[in-house]
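The sequence shown runs 211 to 664 under my numbering. Using N, Cα and C, we set each Cβ at its ideal position, and we do this for glycine too. Keep in mind it's a predicted model, so treat the numbers as computed, not measured.
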Amino acid sequence: MASSHPKIIETSLVFPPAGSVPGTSIPLTFFDVAWLSFAPVERLFFYPFHHSTSHFTSYCLPALKSSLSLTLQSFFPLAGNIRLMPETTDKYEIYYKGGDSVALTVAESDRYDEVFSDHPRQVSKLKTLLPSLSKSESGGLQAVLAIQVTVFPSHGLVIGTTLHHSACDGKGSVNFMCKWATICHTNYSKVLQASTPFRIEVDRSIIPDPDGSLYTAILNNLSGTENHNLDSIQSDPEMLLASFKLKAEHIQLLKEVLLHEAAKRNVTLRCSTAVVTYAFVWAGYVKAKSTLSETEDVYCMFATDHRQSYQPPIPENYLGNCIGPCIVQAKVKDLIGPAGFFVACQAIGKAFDEVKRVGIQNAEDWGKIVLEIGSHKPFGTSGSFRFKVYDVDFGWGKPAKVDIVSIAYSGAMAVAESREHDGMEIGLCFTQREIEVFTNYIGEGLGYMSTLVN
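Structure follows, in structure tokens:
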């Protein structure tokens with residue numbers, strides 16, 4: 211296989227069990243419609259797999275397909291399509307009808323060393339492990355989910371998912387992967403029989419918007435947003451996806467430094483794992499981006515979960531979006547200065563506190579806010595250390611690595627719990643020079659922090 215692209219072995223469509231799900235229309239909420247023009251979320255799950263491709267197709271693939279079908283009985287919106295509701299011009303829905311499915315591609319590659327491990331890898335090569343979402347121009351149908359499994363014979367395999375963000379947020383998408391893996395793990399060498407569906411909440415009416423004003427405001431504000439195309443990332447040979455790990459003791463050190471510096475200044479600050487980790491990485495990210503002027507403002511745009519903003523709270527098993535923007539602003543000169551970590555913590559903590567106080571009261575302005583700072587290419591996060599992506603075990607062990615490739619466009623950092631220890635994994639897209647700067651920042655920064663509290 212001389213080509214850099216994997217060899218396609220099989221393409222198929224996987225349906226929920228016949229007759230198990232009626233035709234259903236699920237209107238998008240104001241949380242969902244905010245993501246209509248954004249690029250899909252692309253995740254890669256890397257697994258050790260010391261067998262041949264024929265072994266996979268004979269013994270593993272049947273169970274993968276059967277378990278996926280059973281999982282789609284509960285998660286059927288992921289087999290549907292996003293479209294305009296008939297006879298409307300601005301009302302979007304996920305529409306599922308009998309016969310709708312998820313496209314599953316099986317491929318084979320011999321380029322194991324180029325994509326596995328923690329060393330920086332070219333985004334263009336990782337993209338070959340991901341499927342595209344089909345779109346019907348004539349019918350206006352946009353697929354929600356596509357899956358690709360790439361086998362590296364005798365070495366490993368990768369499960370790649372491409373998911374339209376309007377269908378659900380990260381919590382819902384990882385919940386789907388965990389449920390699929392749980393069914394498959396039950397007996398991955400046999401075709402599975404029908405089982406009791408998981409209880410998944412798909413009813414969008416539990417998100418209040420009585421007169422539709424929030425939906426209309428957000429859709430109108432974002433209607434001119436360009437539909438991002440991740441294919442352009444492939445043309446940049448310098449773009450690399452790099453992974454960095456912060457151990458539990460590193461995060462504890464950052465918390466101690468923040469409390470120490472806050473006491474010196476006689477101020478009270480929010481001190482949490484998210485605040486100190488995001489602040490430490492943000493300050494380093496700004497240092498690595500040498501094109502930034504010291505006098506300009508830089509922004510973070512974090513996604514914050516609003517399930518608890520409602521009474522009663524939106525259930526954890528809700529399959530949809532329930533996240534809003536949290537905006538943080540600072541000067542470059544302040545972030546790259548000696549107090550950069552403290553400045554970042556202060557700004558992020560204040561923004562988190564404000565979101566907790568306000569909830570969704572300013573949701574009508576979210577679209578306008580996102581557009582205003584969009585030209586500044588804000589830093590942000592994708593994923594969460596609470597999602598437990600390393601628990602996605604299909605029967606051949608936990609993932610060796612999980613990547614979010616779509617951060618290559620958004621400029622966000624991918625966040626996940628650490629597989630090897632109590633800590634956190636951070637994924638960032640950089641040039642080689644920026645990776646070197648950021649790597650030095652991590653080592654020197656943690657070393658300097660230890661001197662502040664000892």
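On the three-state DSSP scale, how would you describe Arg480? Secondary structure at Arg480: coil, using DSSP grouped into helix, strand and coil.
Quick check: the Cα distance between Phe490 and Ser230, rounded to an integer number of angstroms? Between Phe490 and Ser230, the alpha-carbon positions lie close to 48 Å from each other.
Measure the CB-CB distance between Asn431 and Leu581 and report whether it falls below 9 Å. Contact: yes.
Cβ atoms of Lys465 and Thr478: under 9 Å apart, would you say? Here Thr478 is not near Lys465, since their CB atoms are 9 Å or more apart.
Out of Gly653, Thr221, Val251, Thr281, which one is the CA nearest neighbour of Lys457? Measuring from the Cα of Lys457, the nearest candidate turns out to be Gly653.
Please report how far the alpha carbon of Arg409 lies from the alpha carbon of Gly530, in whole angstroms. So the alpha carbons of these two residues sit roughly 14 Å apart.
Rounded Cβ spacing between Gly290 and Val354 (contact assumed at less than 8 Å): Contact flag correct, Cβ pair sits at about 6 Å.
Counted within 10 angstroms of its Cβ, other Cβ atoms place Gly349 as buried (16 or more) or exposed: Classification for Gly349: exposed.
Based on DSSP bridge pairs, tell me the residues matched to Lys457. Per DSSP, Gly633.
Under the three-state DSSP convention, the category Cys532 falls into: Coil, per DSSP.
Would you check if there are 3 or more beta carbon pairs closer than 8 Å linking the segment 501-508 to the segment 527-546? Three or more pairs of CB atoms, one per stretch, sit closer than 8 Å, so the segment 501-508 contacts the segment 527-546.
The segment 317-324 / the segment 555-575 touching (three or more Cβ pairs under 8 Å): No, because fewer than three Cβ pairs between the segment 317-324 and the segment 555-575 fall closer than 8 Å, the two stretches do not touch.
Ordered along the chain, which non-local residues of its own chain (more than five positions away) have a Cβ less than 6 Å from that of Ala498? Within the same chain, Glu644, Val647, Phe648 come within 6 Å of Ala498 by CB-CB distance, once the 5 residues on both sides are set aside.
Using a Cβ-Cβ cutoff of less than 7 Å, which residues in the same chain neighbour Val553 once the five nearest sequence positions on both sides are dropped? So the list reads Ala540, Asp544, Leu545, once near-sequence residues are dropped.
Determine the closest residue to Glu526 out of Gly380, His365, Gly366, with distance taken between C-alpha atoms. Selected option, being the one with the closest Cα: Gly380.
Should Lys578 be listed as close to the ligand COA, given that the test is whether its C-beta is under 8 Å from any heavy atom? Summarising the ligand content, the structure contains no ligands, and the ligand COA is consequently not present.
Beta-bridge partners of Ser346, as assigned by DSSP: The bridge partners DSSP lists for Ser346 are Leu351.
Under the rule that 16 or more other beta-carbon atoms within 10 Å means buried, what is Asn664, buried or exposed? Exposed, by the Cβ-count rule.
Does DSSP put Val243 in a helix, a strand or coil? Three-state DSSP puts Val243 in a helix.
Alpha carbon to alpha carbon, what distance is there between Glu459 and His631? The alpha-carbon atoms of His631 and Glu459 are separated by roughly 10 Å.
If you count every other CB in all the chains shown that lies within 10 Å of the CB of Leu271, and 16 or more means buried, which is it? When all chains shown are included, Leu271 counts as buried.
Assigned secondary structure, Gly422 (DSSP; H/G/I helix, E/B strand, else coil): Correct three-state label for Gly422: coil.
Mapping the DSSP letters down to three states, classify Gln571 as helix, strand or coil. Three-state result, Gln571: coil.
What are the residues that DSSP puts in a beta bridge with Asn291? The beta-bridge partner set that DSSP reports for Asn291 consists of Tyr305, Ala353.
Which one of Tyr528, Leu223, Ser235 has the shortest CA to CA distance from Val384? Comparing C-alpha distances from Val384 to each of Tyr528, Leu223, Ser235 shows the shortest one belongs to Tyr528.
Please look up how many angstroms separate the CB atoms of Val368 and Phe266, rounded, as I've assumed it's under 8 Å. The pair is not a contact, with the Cβ atoms about 12 Å apart (cut-off 8 Å).
Reduced DSSP category for Met511 - H, G, I as helix; E, B as strand; rest coil: Met511 falls in the strand class under three-state DSSP.
Output the distance between the C-alpha atoms of His261 and Pro363, rounded to the nearest integer angstrom. His261 and Pro363 have their alpha carbons spaced roughly 6 Å apart.
Going by Cα to Cα distance, which pick from Lys217, Val612, Leu373, Leu280 is closest to Lys598? It is Val612 whose Cα lies nearest to the Cα of Lys598.
Alpha-carbon to alpha-carbon, Ile292 and Leu351: Rounded to the nearest whole angstrom, the CA to CA distance from Leu351 to Ile292 is 6 Å.
Do you know how far the Cα of Arg253 is from the Cα of Ile636? Counting only the Cα atoms, Arg253 lies some 14 Å from Ile636.
Output the boundary residues of the alpha helix (DSSP H) element that contains Ser620. Annotation: the continuous alpha helix (DSSP H) that includes Ser620 extends over 617-620.
At what residues does the alpha helix (DSSP H) containing Pro272 begin and finish? That run of the alpha helix (DSSP H) goes 271-284.
Give me the Cα-Cα distance between Lys217 and Thr315, rounded to the nearest whole angstrom. Computed Cα separation, rounded: 10 Å.
Exposure label - Leu274; buried when at least 16 CB within 10 Å: When all chains shown are included, Leu274 counts as buried.
When burial is assigned at 16 or more other CB atoms within 10 Å of the CB, is Arg475 buried or exposed? Looking at its Cβ environment, which holds fewer than 16 other Cβ atoms inside 10 Å, Arg475 is exposed.
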